[in-house]
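Chains as they are written, first to last, in this note's numbering: chain A, -11 to 160; chain B, 282 to 823. Note that CB positions come from ideal geometry on N, CA and C, so glycine has one too. This one's a predicted model, so the numbers in the text were calculated from it and none came from an experiment.
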Amino acid sequence: MNAPDAPRRLREPAHQVSERAPAYWRMTSAIGAVFWLAFAIGAAVTAVLTPSGWWTWLIWLAVALMVLAPIPGVTFVPSVRFRIHRWEVTEIAVHVRHGWLTVVDEIVPLSRVQTVDSTQGPLMRHFGLRTVKVSTASSAGIVEISCLDDALALEVVAKLVAITAATPEDAT
Amino acid sequence: MSTPETPPTPPTPPQPPVPEDEWQRLAGWTAVVSPISTLRQAVIPVAVGAFGAGQANPLIGLLVAVGIAVVAAVIGLIPWLTTTYRVTPTHLEVRKGLLNRTTLTARLDRVRSVDLNSTLVHRALGVTKVSVGTGVDEGQINLDSLTKESAARLRRELLHATPSPSAAEAVEPGGEASGDEGSTESTATGGSEVSPASVADDGEVIAKLDWSWIKYAPLNLKNLAIALGGLAAFFGAFSELIPWEQTLGLRVDDGEINGRPIESFLDMLLIAIPIAVVVAVLVWAAGSCVGYVVRWWDLQVVREQGREGTTLRRSFGLTSTRATTVEEAKVRGATSTVGPLIGLAGGADLNLLTTGLDDNFPAVLPTAPESVVSTVGRDILGEDAFSAELTGHGPRPRRRYWFRALIGTAIVTSLALVPTVLIGVYGDLWLWWLPVAVLVIGFVLELLGAELAHRHLGHALTERYLVVRSGSFTTVRTALQTEGIIGWRVKQTYFDRRLGLAQVTAMTAAGREYVEVPDVPVETAVALATAATPRTVSEFVE
């Protein structure tokens, strides 16, 4: 039952994340890439110095992977992410969309929200970003609005707390 | 140690009408039960320690053992001496701890479940362990152990009694859970004037164990796997210690057993293996039936009138008994599972989705005939959600499942090719039939699984429930109250987007905390979520 008359889909949530978010993601990937590069250099040196055998090409394959794999993360993925990541808080629910290859939509009614908290790592602080985390009585129901402007994030937290406090029903 | 207001009376006063605000102690037998349970955890180190010390001098070994027993007994006395509890008109309060005194307080109207659990030791002493569940994620309040009478009284006070006049008028027939029974049941709803003590003992029996269900016990492959694992672990651990040579007269030398060449034993194996298999099957059948009897003895599921709405009580067990009572309003749905062998025999399992219990996915019944499962399920769910007509997910999932089956077969077959090629190249034996056999069997099984997975996919929305079915060889059908849905997650991988499918998760606090609707066409997914929880979702749909 309840077959739709016309194909319907979830619309995009209204707001984008902070414009500084792509720079932050790019920086995170770059830090990771540095580590991978170090590993790659180590592996290449090993491949050159040890006597070559049937496994040598495997080492070179690993080196190539370690050099190439971080490239999307520091080039185009952050801007794609920025286009996909969206959020919206209404009087009734939170709607978050995120992902790159796998796109995830999460909708949680505010009447079922149990806790609202915000986190900020050292790198995020440098970029002036903050993540808002909304959790429900379900362990599967933790929703994050990541990489908001610091001030906006605190505003969202205050709004969420006010709305959830006004709906006193049992959150299960 | 002892609180100042605790009078020096015996631990359990014999007369039932105890003043409600008087602190009560645990049963005197606690002083026996808790050292035993402490010792049982410590029995191996204790034995090792005593044995090690006894190597040097038997007297020291004996002293060590006695010393440990004394320490355990003293430790066991502590809970009895330090734990007290009382039920006030509004709260359950428990004080415990020797150095860190803690006071646990639970509002009576927040008490969702009471679990009475007695092991063999408990039962021999006539005591029982009480666990009280209050909220969702907070732990349970445990009282180990109370006498049977005080445990029964406590359960009644917590879930059924109407201790004050103000609470008495709170019990209305139009409560949240009384809509559940509606047509099927009238006695419990009309029973709000009956005194709580009498109601507690004669509720409406929803289900009782039927001994003909025991035929499903040997078909339960999950138990078989556990038993085999245990057996393997046992022999793995002790094979060095078992004196094969002395007891069986077996001696294995190079290529010979007891001096005879191994080839002659291979002929014997042809006879021995079938016999062994038959004996093992018989032993398994008998053993699983015995286990079934011990576990499910005297199972009863009873609906009673509780403080707010009705409660469900499930009690069973032969050596250790267990009685779990949960508010029916906290039951958010149910799951029926049909395993591969059990399904062929016409059986199914029934589990509840609840909140506030230690195990939020409790089995209502042992494996029972499907008709019983659907009858009991209908009774508990309050409507015929399990037999609702399901909407399939169309041809797209089938294409995906068949494709995955082909890939799976290809991978397994090429894996089987590796040893064949290696043996063929390095030895002279060409096991050409091995990959062919893997290919044929794998192909048939994978395609059967894919087709079943496609046929079993389905969902429906009834008046109050979201019903989902999925699974290939094991079919799982879940009915979740739409009221109990506390969020949605719609996930689309890259391949999902190309096929127009979505993986939908309904978040809930009950049961395993989520219900999945796999491989559903994305437009159906959005329509389903909107129809199930229109207030939450509709504003985000275009």
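Given a cut-off of 7 angstroms, decide if T409 of chain B and T426 of chain B are closer than it, judged by their beta-carbon atoms.
Before going on, a small fix: residue 426 of chain B reads as Ser here, not Thr. Contact: yes.
A146 of chain A to V77 of chain A, Cα distance in whole Å?
12 angstroms
Step through the CB atoms of chain A and report whether any lies within less than 7 angstroms of the CB of A808 of chain B.
yes
Taking the C-alpha atoms as reference points, what is the distance between H737 of chain B and S753 of chain B?
Distance between the alpha carbons of H737 of chain B and S753 of chain B is about 7 angstroms.
Should the stretch 483 to 496 of chain B be called in touch with the stretch 563 to 579 of chain B, which here means at least 3 C-beta pairs below 8 angstroms?
yes
Against chain B: residues of the stretch 93 to 104 of chain A by CB proximity under 8 angstroms
D93, E94, I95, V96, P97, R100
Spatial distance of V807 of chain B from R(-3) of chain A (CA atoms):
6 angstroms
Would you kindly check if the distance between the Cβ of T592 of chain B and the Cβ of L440 of chain B is under 7 angstroms?
For L440 of chain B and T592 of chain B, yes; Cβs fall inside 7 angstroms.
Assign W42 of chain A to buried or exposed, taking buried as 16 or more other Cβ atoms, counted over all protein chains shown, within 10 Å of its Cβ.
Of the residues assessed, W42 of chain A falls on the exposed side of the cut-off, its CB having fewer than 16 other CB atoms within 10 angstroms.
Check whether the Cβ atoms of S17 of chain A and V62 of chain A sit closer than 7 angstroms, and answer yes or no.
yes
Could you tell me the boundaries of the beta strand (DSSP E) in which A731 of chain B lies?
Segment 714 to 737 is the alpha helix (DSSP H) holding A731 of chain B; no beta strand (DSSP E) there.
Minimum Cβ-Cβ distance from L(-2) of chain A to chain B less than 7 angstroms
The Cβ of L(-2) of chain A sits closer than 7 angstroms to at least one Cβ of chain B.
Considering only their Cβ atoms, is the gap separating D660 of chain B from I487 of chain B smaller than 7 angstroms?
Contact: yes.
Restricting to Cα atoms, I'd like to know which of A:V65, A:S127, A:A153 is closest to W88 of chain A.
The option with the nearest alpha carbon to W88 of chain A is A:V65.
According to the Cβ coordinates, are V749 of chain B and V798 of chain B closer than 7 angstroms?
For V749 of chain B and V798 of chain B, yes; Cβs fall inside 7 angstroms.
Rounded to a whole number of angstroms, what is the C-alpha to C-alpha distance between L782 of chain B and I151 of chain A?
34 angstroms
Distance cutoff 7 angstroms, beta carbons only. Does T405 of chain B sit that close to anything in chain A?
It is worth fixing the name first, because residue 405 of chain B is Ala in this sequence and not Thr. Not an interface residue.
What's the C-alpha gap between L809 of chain B and L742 of chain B?
8 angstroms
Considering only residues of the stretch 45 to 119 of chain A, which uninterrupted beta strand (DSSP E) runs meet the minimum length of 3 residues and lie entirely inside it, listed in chain order?
Within the stretch 45 to 119 of chain A, the complete beta strand (DSSP E) runs of at least 3 residues are 74 to 77, 81 to 87, 91 to 97, 101 to 107.
Short Cβ contact (7 angstroms threshold) for V719 of chain B with V699 of chain B:
no
Measure from the alpha carbon of G20 of chain A to the alpha carbon of each residue in A:D105, A:L46, A:M54, A:G30, then state which is nearest.
Comparing Cα positions, the closest option is A:M54.
Residue environment, V721 of chain B, which counts as buried when at least 16 other CB atoms sit within 10 Å:
exposed
G792 of chain B: which of B:G658, B:A760, B:L547 sits nearest, CA to CA?
B:A760
Which term fits Y366 of chain B, buried or exposed, when burial requires 16 or more other beta carbons within 10 angstroms of its beta carbon?
buried
Tell me whether the stretch 503 to 515 of chain B and the stretch 588 to 604 of chain B touch, counting them as touching only if at least three CB pairs, one residue from each stretch, are closer than 8 angstroms.
no
W769 of chain B: contacting residues in chain A (beta-carbon distance under 9 angstroms)
D93, E94, I95, V96
Does the stretch 87 to 103 of chain A come close enough to the stretch 765 to 775 of chain B that 3 or more CB-CB pairs lie under 8 angstroms?
yes
Quick one: what does DSSP say N632 of chain B is sitting in, helix, strand or coil?
strand
Is there a Cβ of chain B sitting closer than 7 angstroms to that of S123 of chain A, yes or no?
no
Apply the 10 Å Cβ neighbour rule to K503 of chain B and answer buried if 16 or more other Cβ atoms are within range, or exposed otherwise.
By the neighbour-count rule (16 or more Cβ atoms within 10 Å), K503 of chain B is not buried but exposed.
Under the assumption that V411 of chain B contacts A432 of chain B (Cβ atoms under 8 angstroms), give the Cβ distance between them as a whole number of angstroms.
5 angstroms
Using a C-beta to C-beta distance shorter than 8 angstroms, which residues of chain A count as neighbours of R758 of chain B?
None at all; the shortest Cβ gap to chain A is about 17 angstroms.
My output table needs one value for Q336 of chain B: the three-state DSSP class, helix, strand or coil.
Assigned with DSSP and collapsed to three states, Q336 of chain B falls in helix.
Is the number of C-beta pairs between the stretch 44 to 54 of chain A and the stretch 24 to 33 of chain A that are closer than 8 angstroms three or more?
yes
Residue-level contact to chain B via CB, H3 of chain A, 7 angstroms cutoff
no
F597 of chain B by DSSP, collapsed to three states: which one?
strand
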